[in-house]
Structures are given as structure tokens and as C-alpha cells.
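Using the working numbering, you'd call the opening residue of the sequence shown number 452 and step up by one each time.
Worksheet: the structure to be examined is printed underneath.
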Amino acid sequence: VTGTDTMAYCASALSFMLQNLERPVVLTGSIIPWDMAWNDARRNLAVSLIFATIRDLFEVCIFFGDKLLRGNRATKISNVDVDAFDSPNYPPLGRLTNENLQKGQITLNWQLLLQPPRGRLV
């Protein structure tokens, strides 16, 4: 969990520092503070933990606003909207929709995910 103002920069830096990952690193945060009755923090945290357990995900990502974004492709587009991050030139790696949530499913774009690491973490 990190602040949203520097999240995209942090994710991008981590994606270049942590090459050949064997586990995912998923950054998240919230626009609405945790202590408010309705907030995006609980959902973002819970779903980012689910993404962090996916064995076929080998990269640094941001989960925010029901989208899983590649860490070095994400940018902050809003300071007030709960859909504050996007990847303008690259599609999301995954999405969580209300329909999928009711079924207990998460949609991943498997063809966009990085291949398993071939070497050691550098």
C-alpha cells in the first residue's frame, strides 16, 4: 500500500530494479481514506492480495480502480476519481467487473503477461 501521488513512479522504478521476478509485486492505494464509511481502500487491498497470489504473474503491477496495470506503463490521471490510474498506450493486464466479482472470477489478459523468468533476480 502506497500513496497515490508517487505510485506510478514507484512501480516503474521497481519494475526495472526487480527483473526476473518469480512472484508478483502489486502496488495499491486509495483515493478515499480508509476510515471513511465508503472507500476504495478495502476493495483495492483485498483484490491486490488476490492478484499477488497468482502463480503466472511475474511482474510489478498496480491494482487500482478495478484494473491491473503493468507497473512501468501506468500513469495517474486523476486526483479525485477512484479510477485514478490508467495505461493509455497499453491495455490492462486484468480487470475486475461486478459480474466477475459475483462469480468469484478475475479476468486476466494472459497473452499480455510477462513470460516466466529465465534467470536469477537481478
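No residue lacks a Cβ here, since even glycine has one placed at the ideal position from N, Cα and C.
Excluding the 5 residues preceding and the 5 following residue i in the sequence, name in chain order all residues of the same chain whose CB lies nearer than 8 angstroms to its CB.
| i | result |
| --- | --- |
| LYS527 | THR455, ASP456, MET458, ALA459, ALA535, PHE536 |
| PRO543 | LYS518, LEU519, LEU520, ASN560 |
Mind checking which residues open and close the beta strand (DSSP E) that includes residue i?
| i | result |
| --- | --- |
| ARG494 | Note, ARG494: premise wrong, no beta strand (DSSP E); alpha helix (DSSP H) at 492–503. |
| LEU478 | 476–478 |
Going by beta carbon distance, what residues of the same chain come within less than 6 angstroms of residue i, once the five residues before and after it are set aside?
| i | result |
| --- | --- |
| ALA492 | SER481, TRP485 |
| ILE483 | ASN490, ASP491 |
Which residue wins for smallest C-alpha separation from residue i, given the options the options?
| i | options | result |
| --- | --- | --- |
| LEU572 | ILE557, GLU473, SER499 | GLU473 |
| LEU563 | GLY570, ASP507, ALA464 | ASP507 |
Return yes when the Cβ of residue j is within less than 8 angstroms of the Cβ of residue i, no when it is not.
| i | j | result |
| --- | --- | --- |
| VAL533 | GLY522 | no |
| ILE513 | THR479 | yes |
| ASN471 | PRO568 | yes |
Compute the Euclidean distance between the alpha carbons of residue i and residue j, then round it to the nearest angstrom.
| i | j | result |
| --- | --- | --- |
| VAL531 | ILE505 | 30 angstroms |
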